[in-house]
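Chains as they are written, first to last, in our numbering: chain E, 1 to 262; chain U, 1 to 84. No residue lacks a Cβ here, since even glycine has one placed at the ideal position from N, Cα and C. A short write-up of the structure that comes next.
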Amino acid sequence: MGAQVLTITSGKGGVGKTTAVANLAVALAADGARVACIDGDIGLRNLDVVMGLENRIVYDVVDVIEGRCRLRQAMIRDKRLPELYLIPAAQTRDKSAVTPSDMIRLCNELRAEVDWVIIDSPAGIERGFKNSIAAADRVLVLTNPEVSAVRDADRVIGILEAEEKGTPALIINRLNPVMVKQHDMLSADDVLDLLAIKLIGIVPEDEGVIVGSNRGNPVALEPKSRAGQAFRNIAKRLKGENVPFMDLDAGTSLWSRLMGRK
Amino acid sequence: MFNFFKPKKSAANAKERLQLVLIHDRTDLTPAELDALKDDLLDVISKHVDIQPDEVRIGLERDGRSQRLVADIPLRSMSRRRGG
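The following block contains the structure:
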């Protein structure tokens, strides 16, 4: 059986794609799967620092595509999990170094090596995005409960449907349950009603995510982290397990729950 | 803190605004283009039947991820035409 190629994209930048890729990869690998992540953001390499692997990079994705190294040489092994690998983005300014057919070839080669290939798409709907979805078997669209992120997510969903990539599944990231209760943030139901696609996970806003990325330790490795739990749940759903959605109110204080209630 | 009994509803605001914006994004029709379409549509229909222009309702509606152009165009009845 070959690997599943999964792409995470969003349209808008800064909504948490890279964090989501790192966390889903870690969650799947911690569960025993072989996982390779590809940083699709040529020129703006980031997944390496979020995963804490920036000091191990020798070769990058463009080196593999242009034949300067073998695939295995560009697969950086994670420091915590033995079957988790990162293929970093190149820091070259030439974004045309990679084409959609390069990505399809690269992913086909990776399919034999691992169980999951997870591609971190750059923001936008241009070349890097097209490269990132070219080889995808499944696409996850990530958004925040915020007008600009939802609008861009809708645009990307439309493009994916037009390119016959199928309807993607949705991750709502950085949902703040207290603000939702106060009716000052779109609820998960609101976002789902607007975007009208299938939900695969809701990740609550969690300061631990920034602490984790400061240290290069994705929160999915922290047993007590709520965001980490949400990412572990998404990883299970990706494998086809039926995991109920978390009770997001449980994490808010009694005071804020009373404040939000009316 | 004294807003406790009167919560702001900015989320409802966000949702309403997004509903409109997404319809126009998805159809690639600006509100002005939609108005032009309505005018053309009414011109064509008026060539064949008498309509009641004040009661016409034409708009885009969402149905999941697809949009539909819904038109409700009341026709002037024959008896009224004869009478008037």
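Short CB-CB distance (under 8 Å) between residue i and chain U
i: E:Ser10; result: no
i: E:Val147; result: yes
i: E:Ala169; result: no
i: E:Val15; result: no
Contacts of residue i in chain E (Cβ-Cβ under 7 Å)
i: U:Val21; result: Arg151
i: U:Arg68; result: Neighbours of U:Arg68 on chain E: none; closest Cβ ~14 Å, over 7 Å.
i: U:Leu18; result: Val147, Val150, Arg151 and Leu194
Top-ranked residue by Cα proximity to residue i, from the options
i: E:Asp60; options: E:Gly52, E:Met51, E:Val209 and E:Arg45; result: E:Arg45
i: E:Arg93; options: E:Gly128, E:Ser101 and E:Gln73; result: E:Gly128
i: E:Ser101; options: E:Asn217, E:Ala134, E:Gln91 and E:Asp115; result: E:Ala134
i: E:Ala36; options: E:Ser148, E:Glu146, E:Glu205 and E:Leu81; result: E:Leu81
i: E:Asn144; options: E:Val49, E:Asp190 and E:Asn173; result: E:Asn173
i: E:Glu83; options: E:Val50, E:Leu106 and E:Val26; result: E:Val26
i: U:Arg17; options: E:Asp78, E:Ser121 and E:Glu146; result: E:Glu146
i: E:Glu266; options: E:Tyr85, E:Thr18, E:Ala169 and E:Thr7; result: Since the first residue shown for chain E is 1 and the last is 262, residue 266 of chain E is missing from the structure and cannot be characterised.
i: E:Lys236; options: E:Met246, E:Leu28, E:Ala220 and E:Gly11; result: E:Leu28
i: E:Ala97; options: E:Phe245, E:Arg226, E:Lys224 and E:Asp41; result: E:Asp41
Proximal residues of chain E, C-beta to C-beta of residue i below 8 Å
i: U:Asp25; result: Arg151, Asp154, Arg155 and Gly158
C-alpha gap between residue i and residue j, whole angstroms
i: E:Ile125; j: U:Asp40; result: 34 Å
i: E:Ala20; j: E:Ile200; result: 12 Å
i: E:Ala196; j: E:Asp154; result: 9 Å
i: U:Met78; j: U:Pro53; result: 16 Å
i: E:Leu238; j: E:Asp137; result: 12 Å
i: E:Lys130; j: E:Gly2; result: 22 Å
i: E:Gln229; j: E:Asn217; result: 14 Å
i: U:Glu33; j: U:Gly59; result: 12 Å
i: E:Ala149; j: E:Val15; result: 7 Å
i: U:Ile45; j: U:Leu20; result: 27 Å
i: E:Ile76; j: E:Leu53; result: 8 Å
i: E:Asn233; j: E:Val243; result: 6 Å
i: E:Gly158; j: E:Leu106; result: 26 Å
i: E:Val64; j: E:Pro122; result: 19 Å
i: E:Arg215; j: E:Val209; result: 10 Å
Sequence-distant residues of its chain with Cβ nearer than 8 Å to residue i (five each side left out)
i: U:Val56; result: Lys38, Leu42, Ala71, Asp72, Ile73 and Pro74
i: U:Leu22; result: Arg62
7 Å Cβ cut-off: residues of chain U touching residue i
i: E:Asp265; result: Because chain E in this structure spans residues 1 to 262, residue 265 of chain E falls outside the shown range and cannot be described.
i: E:Ala196; result: Gly64 and Arg65
Chain U residues whose Cβ lies nearer than 8 Å to that of residue i
i: E:Ser187; result: Ala11
Min CB distance residue i to chain E below 8 Å
i: U:Leu60; result: no
i: U:Leu29; result: no
Beta-carbon proximity list for residue i, same chain, < 6 Å, skipping 5 on both sides
i: E:Gln73; result: Tyr59
i: E:Pro88; result: Asp39, Arg45, Asp48, Ile57 and Asp60
i: E:Ala188; result: Ile172 and Ile202
i: E:Val213; result: Residue identity check: residue 213 of chain E is Ser in the sequence provided, not Val. So the qualifying residues of the chain are Val50.
i: E:Ala33; result: Asp115 and Trp116
Own chain partners of residue i with C-beta closer than 7 Å, once the 5 adjacent residues on each side are dropped
i: E:Ile104; result: Ala134 and Ala135
i: U:Thr27; result: Leu60 and Gln67
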